[in-house]
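S.K.: Structure in structure tokens, see below.
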Amino acid sequence: MCEISEKLEKAKEYICKRAGIKPAVGIVLGSGLGNFAERAEIVSEIPYEDIPCFPRSTVEGHKGRFVFGKIGNTPVVIMQGRVHYYEGYPMEDVIMPARIMGLLGIKTLLLTNAAGGVNKGFSAGDLMLIKDHISCFVPNPLIGKNLSELGTRFPDMSEVYDRELSGRIKACAESLGTELKEGIYCQLTGPSYETPAEIKMLSVLGADAVGMSTAVEAIAARHMGVRVCGISLITNMAAGISEVPLSHEEVKEAADKAEVKFGALVERFIAGLSE
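Note that UniProt numbering numbers the sequence shown so that position 160 is 160, with each residue one more than the last.
See the structure below:
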């Protein structure tokens, strides 16, 4: 069995030889949002299955590859599909892609996801700027031996989602005339959707949206000193709020409908980072 540091180094070495560009920004595309990568000036594509020691995405709709290129003048690495804890991977593998992007030299990580709306003021199709998260329902990704070359044993999480970057996203949304909600995202393990009682609990705790990813990636990135920001696409209202049974098809359908406004917002934000 390879140690975590050895797995990271092997994967990084393989990717570096094939990337063709040094990224400054990493973008993780959530369920149904993978087509955004087509907006980039693509330099190279690397399937996850080709990378040594690297986990593979098994979720339908997740293409499972890194895309390297430029958005405007900003060099980026885009993840078309992420790895989830519910797929059976240990948490160290779930956060491995975020760590790899940090080792590749990114300074900023934009995390996106498809989420269920807990806040009754939200509607399917809304975009929500993540201002904070609740991650205590999943294992902390930093449990185990600390890799001191990545970060400190006890990293501060007072401001996981960078205020300055969040302000830029809000300004971009305003300039595009796109309504942008703000809220707290909660990560649960999945793969089952939440019960009405669980959604009621999350509402009491202050969550505005719920999903099965993102928070652990944000923690891993902040551990490395990477600046983080995040956007949730509200694809459905959560159980007990919506009377419609939840399904992955519903998630993909809502993502397809929001693709244009989501893509325009992210493209303007990323391109602006090089100005």
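The beta carbon of each residue, even a glycine, is placed where N, CA and C say it ideally should be. As the structure is a computational prediction, the values presented were derived from the model and not from experiment.
Buried or exposed: where does G117 fall if 16 or more other Cβ atoms within 10 Å of its Cβ makes it buried?
M.R.: buried
S.K.: Are T235 and E253 close, meaning C-beta to C-beta below 9 Å?
M.R.: Taking 9 Å as the Cβ cut-off, T235 and E253 qualify as a contacting pair.
S.K.: With L33 and F262 assumed to form a contact (beta carbons below 8 Å), what rounded beta-carbon distance in angstroms separates them?
M.R.: 6 Å
S.K.: Find the nearest neighbour of G225 within the set I95, D93 and T152, judged by alpha-carbon distance.
M.R.: T152
S.K.: Kindly provide the ranges of any alpha helix (DSSP H) runs that are 4 or more residues long and lie completely inside the segment 96-151, ordered along the chain.
M.R.: 96-103
S.K.: Among R18, A207 and H223, which has the Cα closest to the Cα of A115?
M.R.: Closest option to A115, judged by alpha-carbon separation, among R18, A207 and H223: A207.
S.K.: Let me know if K17 comes out buried or exposed under the rule of 16 or more other beta-carbons within 10 Å of its beta-carbon.
M.R.: exposed
S.K.: Quick one: residues in its chain with C-beta nearer than 6 Å to the C-beta of L109, no 5 flanking neighbours on either side, listed in chain order?
M.R.: G26, A221, V226 and V228
S.K.: Looking at the secondary structure, which residues open and close the alpha helix (DSSP H) in which E13 lies?
M.R.: I4 to A19
S.K.: Secondary structure at S232, three-state DSSP: helix, strand or coil?
M.R.: In this structure, S232 counts as strand in the three-state DSSP scheme.
S.K.: Quick check on DSSP: helix, strand or coil for S158?
M.R.: DSSP, reduced to helix, strand and coil, places S158 outside both helices and strands of the structure shown, so it counts as coil.
S.K.: Could you spell out where the beta strand (DSSP E) holding K200 opens and where it closes?
M.R.: Run containing K200: none in the beta strand (DSSP E); it sits in the alpha helix (DSSP H), P196 to L205.
S.K.: Is any heavy atom in the ligand SAM found nearer than 8 Å to the beta carbon of A218?
M.R.: Summarising the ligand content, the structure contains no ligands, and the ligand SAM is consequently not present.
S.K.: How would you label T74, buried or exposed, when you count the other beta carbons within 10 angstroms and need 16 or more for buried?
M.R.: With 16 or more neighbouring CB atoms inside 10 Å of its own CB, T74 falls in the buried class.
S.K.: Would you check if the segment 123-132 and the segment 171-190 touch, i.e. whether three or more CB-CB distances between them fall below 8 Å?
M.R.: yes
S.K.: Output the distance between the C-alpha atoms of K10 and D93, rounded to the nearest integer angstrom.
M.R.: 14 Å
S.K.: What residue range does the alpha helix (DSSP H) around C53 cover?
M.R.: Here C53 belongs to no alpha helix (DSSP H), and DSSP marks it neither H nor E.
S.K.: So G26 is in the beta strand (DSSP E); what residue range does that whole segment cover?
M.R.: Segment V25 to L29, the beta strand (DSSP E) holding G26.
S.K.: By how many angstroms is the C-alpha of G72 removed from the C-alpha of R65?
M.R.: 21 Å
S.K.: Select from V43, K63 and R99 the residue whose C-alpha is nearest the C-alpha of R148.
M.R.: For the record, residue 148 in the displayed sequence is Ser; it is not Arg. Comparing Cα positions, the closest option is R99.
S.K.: Please report the straight-line C-alpha distance between T195 and G183, rounded to a whole angstrom.
M.R.: 21 Å
S.K.: Please return the same chain residues whose Cβ sits closer than 8 Å to the Cβ of I143, not counting the five positions on each side in sequence.
M.R.: M91
S.K.: In three-state DSSP terms, what is M212?
M.R.: Reduced to three states, the DSSP call for M212 is coil.
S.K.: What's the gap between the Cα of L273 and the Cα of T189?
M.R.: 33 Å
S.K.: Could you compute how far the alpha carbon of V266 sits from the alpha carbon of K200?
M.R.: 31 Å
S.K.: Measuring only the C-alpha atoms, how far is A264 from A173?
M.R.: 9 Å
S.K.: If you run the structure through DSSP and keep just helix, strand and coil, what is V260?
M.R.: Helix.
S.K.: Just the Cα atoms here: how many angstroms apart are V204 and A238?
M.R.: C-alpha separation (whole angstroms): 14 Å.
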